[in-house]
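Have a look at the structure below before the remarks.
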């Protein structure tokens, strides 16, 4: 592009040539100038619209403020809805934690009311010398996320702990810690003794408990009946398998009340005291065998059941 300059002070006309780069720079400068002027006018209009008392400008100002307020309210409403949903999740998690806590308290032998699950924990302290800070909406949302994750972790941990407690409680019920005959007394201990029939020193593989004919014989622990029949020496005999290669034997019964395959609970009546088989009088012969080897029943009976 050529621009010809004509002036009285010039002896002749002067020509200025503008290339494409010059045109681009001029266009960019013009656009920037227009944008700056427009922004300045917009600021002045909004800043002094109320002072100028011009209806049109006031209408624009009100419309802009209303739009901004609606955006703010929409943002707050969306965040409040999200936080309300998170709060619902936290309430559900707290309810689950309370339930798990009560179960664990019972398994551990505590009364749930002693642990005060339904009361707020005490909190307090002196006023800090440092100035306090207002928490922002974003910080509040992040704190809710953090608490929710911690609740999930605690809930999972308590669930695992409950499973361990339950397993331990169930395992204890399978250990023969209960004397099969109530009110009886030992007439013969476990170990070496003088045989009442032969008079020789022999090893007694269980304990003898004196009781009257027909006294209930109860399972020392939960398990499955693996033998119920008559033995030439033990008479009417029952064997209960408690798992982990642990078996209890009940001999010389007058009556058997269970059959092979029956599942019995700890304390269930399985027989009645008698003197069948090789016996000098009415009593219960009680054995505990582990991996086929006889064990001292009194050591199991002394365990907490």
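In the working numbering, the protein residues as written are 126 to 430. Note that CB positions come from ideal geometry on N, CA and C, so glycine has one too.
Per DSSP, the unbroken alpha helix (DSSP H) holding residue 424 starts and ends at 422-426. For residue 396, the uninterrupted beta strand (DSSP E) run begins and ends at 394-398, by DSSP.
Three or more pairs of CB atoms, one per stretch, sit closer than 8 Å, so the segment 299-314 contacts the segment 329-337.
For residue 378, the enclosing beta strand (DSSP E) stretches over residues 371-381. For residue 367, no pairing in a beta bridge is given by DSSP. Annotation note: the segment 309-348 contains the following uninterrupted beta strand (DSSP E) runs of length 3 or greater, listed N- to C-terminal: 310-313, 316-319, 326-329, 332-335 and 341-343. If you draw a straight line from the Cα of residue 161 to the Cα of residue 155, it comes to about 10 Å. Assigned with DSSP and collapsed to three states, residue 208 falls in helix. Below 8 Å, too few C-beta pairs join the segment 260-270 and the segment 365-384 to call them touching: fewer than three. When beta bridges are read from the DSSP output, residue 191 appears opposite no residue. Counting the other CB atoms within 10 Å of its CB gives residue 391 a total of 16 or more, which places it among the buried residues. Look at residue 358 here: in three-state DSSP terms it is coil, with no helix or strand label.
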